[in-house]
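Student:
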Amino acid sequence: MKNLQVIISPVVSEKSLQETVFNRYTFKVNPKANKHQIKQAVEEIFSVDVVKIRTVKSKPMVKKSRKTKKTIKIKATKKAMVQLKPKQKIDLFDVSTK
99 MKNLQVIISP
109 VVSEKSLQET
119 VFNRYTFKVN
129 PKANKHQIKQ
139 AVEEIFSVDV
149 VKIRTVKSKP
159 MVKKSRKTKK
169 TIKIKATKKA
179 MVQLKPKQKI
189 DLFDVSTK
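The sequence shown begins at 99 in my numbering and counts up by one.
1) Spell out the partners DSSP gives LYS185 in its beta bridges.
2) Does THR169 pass the burial test, meaning 16 or more other C-beta atoms within 10 Å, or should it be called exposed?
3) Secondary structure at MET179, three-state DSSP: helix, strand or coil?
4) Sort LYS165, THR153 and GLU142 by Cα distance to LYS130 and report the nearest one.
5) To which residues does DSSP link LYS161 through a beta bridge?
6) How is VAL127 classed by DSSP in three states: helix, strand or coil?
7) What are the partner residues of SER145, as DSSP defines its beta bridges?
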C-alpha cells in the first residue's frame with residue numbers, strides 16, 4: 099500500500115487540536131493499514147520521527163432516518179493517534195490565533 103493511500107485525511111476537532119500541545123496528531127487512515135504502514139507513511143510525508151501510534155476502529159453501522167424511513171449505511175473507519183518526538187510538529191495542525 100502506498101503512503102498516500104494509507105493516510106486519508108487529518109482529523110480536525112477540538113479534542114485533536116488540544117492534543118497537539120502534547121505532540122499527538124490524529125489522522126483518518128485506511129482501515130486495512132497496520133501500525134507499521136501508518137508510521138512509515140507519517141514519517142515520509144511529514145519528515146518527522148514517530149514515537150507511538152494508537153489506532154481506533156469503528157464498525158459499519160446502519161441508521162434509519164426518522165422522516166423518510168430510509169436506511170443509511172455508514173462505512174467502517176479507522177483513526178490513528180500519532181505521537182512525535184519532543185520539539186517536532188506538523189505544520190498542518192498549526193492553528194494560531196492572531
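Glycine included, every Cβ here is placed at the ideal spot set by N, Cα and C.
Tutor: Here's the rundown:
1) On the sequence shown, residue 185 is found 87 positions in, with the first residue counted as 1. Paired residues: none, contrary to the question.
2) The residue labelled residue 169 in the question sits at position 71 within the sequence shown. With fewer than 16 Cβ atoms within 10 Å of its Cβ, THR169 is classed as exposed.
3) Working through the sequence shown from its first residue, we reach residue 179 at position 81. It is a strand residue.
4) To locate residue 130, count along the sequence shown from 1; it is residue 32. Cα-wise, what sits closest to LYS130 is THR153.
5) If you number the sequence shown from 1, residue 161 lands on position 63. ILE170.
6) Translated into positions along the sequence shown, residue 127 becomes position 29. Strand.
7) By one-based count along the sequence shown, residue 145 stands at place 47. Partner(s): none; SER145 has no beta bridge.
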